[in-house]
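Numbering follows the UniProt record's numbering, with no gaps: position 177 of the sequence shown is 177.
Virtual Cβ for every residue (Gly too), placed ideally from N, Cα, C.
This one's a predicted model, so the numbers in the text were calculated from it and none came from an experiment.
Notes follow once the structure below has been shown.
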Amino acid sequence: MARERKFTDEQLFKATKQMIIQDGYEAFTFSKLAAILHVSRGSIYKYYENKDELISEFLMYEMNRFLHNFNRLDKSGDFQTQLDLLIDFIFEQSNIHQVLEIIQQIPVNTTKRVENNKSRLNEYHIDMYQQFQGLIDLGRKENVIKSHLPTAVLLGMIFQTIAIPNHFNIPQEEWIASIKEVLIHGMLKKD
Numbered sequence: 001m002a003r004e005r006k007f008t009d010e011q012l013f014k015a016t017k018q019m020i021i022q023d024g025y026e027a028f029t030f031s032k033l034a035a036i037l038h039v040s041r042g043s044i045y046k047y048y049e050n051k052d053e054l055i056s057e058f059l060m061y062e063m064n065r066f067l068h069n070f071n072r073l074d075k076s077g078d079f080q081t082q083l084d085l086l087i088d089f090i091f092e093q094s095n096i097h098q099v100l101e102i103i104q105q106i107p108v109n110t111t112k113r114v115e116n117n118k119s120r121l122n123e124y125h126i127d128m129y130q131q132f133q134g135l136i137d138l139g140r141k142e143n144v145i146k147s148h149l150p151t152a153v154l155l156g157m158i159f160q161t162i163a164i165p166n167h168f169n170i171p172q173e174e175w176i177a178s179i180k181e182v183l184i185h186g187m188l189k190k191d
């Protein structure tokens, strides 16, 4: 009879996320993770050959969760409505950008499982980009986006807003509203 697993995937991935955000990829170890989960390192090694397997599985979990939540957004409105929802969503999921950057830190020559996960993560990125590009295409179709601006620049501006530090501790609601205003209307007064 097999022994019961001492932690769920959700518990494992929550602790993994906490460690990665606080300490980064390099400082991540099974020893520290095991201490957080109150299990032995061996109980983690039963399921993952190394930290790269675990982290890549965690990234798959996060990306699946992100895409699932994104796909549940109401995409029936006009461009302005959808952009507003997208920006709110990005701020609700603000850790996804930081977390997904970690995939670049995982070495290329690792296990087959990691290689497969990295390949699937790349497919998820492409899928996500195509969906967001669809929003920009809608804005162009509605003639509310300047046609000469490259889609990559527009998407980069939208997604990088979550990385802007709020050094003055402006209330979150005001912070997001200000970012939306700058993205949608610019910062220059119109006479």
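Give every residue of the same chain whose Cβ lies closer than 8 angstroms to the Cβ of S147, excluding the five residues on either side of it in the sequence, and list them in chain order. Here residue 147 refers to the residue found at position 147 of the sequence shown. Same-chain partners within the cutoff: R140.
Are any of the Cβ atoms in chain C nearer than 7 angstroms to that of T29? Of the protein chains in this structure there is only one, and it is not chain C.
Could you tell me how far apart the beta carbons of L100 and M63 are, in whole angstroms, since I believe they sit closer than 8 angstroms? Taking the first residue of the sequence shown as position 1, residue 100 is located at position 100. Taking the first residue of the sequence shown as position 1, residue 63 is located at position 63. Right, the Cβ-Cβ distance comes to about 7 angstroms (below 8 angstroms), so this counts as a contact.
Mapping the DSSP letters down to three states, classify H40 as helix, strand or coil. By 1-based counting over the sequence shown, the position of residue 40 is 40. What sits at residue 40 in the sequence shown is Ser, not His. Residue state, collapsed to three classes: coil.
By how many angstroms is the C-alpha of I96 removed from the C-alpha of N116? Start at 1 with the first residue of the sequence shown, and residue 116 comes out as number 116. Start at 1 with the first residue of the sequence shown, and residue 96 comes out as number 96. Note on geometry: alpha-carbon atoms of N116 and I96 lie some 20 angstroms from one another.
Could you have a look at A27 and say whether DSSP puts it in helix, strand or coil? Locating residue 27 in the sequence shown gives position 27, where the first residue counts as 1. Coil.
DSSP state of T109, grouped into three classes? For the purposes of this step, residue 109 is taken as the residue at position 109 of the sequence shown. For the record, residue 109 in the displayed sequence is Asn; it is not Thr. DSSP places N109 in coil when its eight states are reduced to three.
Per-residue burial, F168 [other beta carbons within 10 Å of its own, 16 or more giving buried]: Within the sequence shown, the letter at position 168 stands for residue 168. Flag for F168 reads exposed.
Contact defined as beta carbons within less than 8 angstroms: I believe V114 pairs with I102. What is the distance between those atoms, to the nearest angstrom? Here residue 114 refers to the residue found at position 114 when the sequence shown is read from its first residue. Here residue 102 refers to the residue found at position 102 when the sequence shown is read from its first residue. About 12 angstroms; that fails the 8 angstroms criterion.
Apart from the five residues on each side of it in sequence, which residues of its chain come closer than 6 angstroms, Cβ to Cβ, to K6? Working through the sequence shown from its first residue, we reach residue 6 at position 6. Closer than 6 angstroms at the Cβ level, and outside the excluded window around K6, lie V39 and S43.
Classify Y48 as buried or exposed, calling it buried when 16 or more other Cβ atoms lie within 10 Å of its own Cβ. The residue labelled residue 48 in the question sits at position 48 within the sequence shown. The residue is buried, with at least 16 neighbouring Cβ atoms inside 10 Å.
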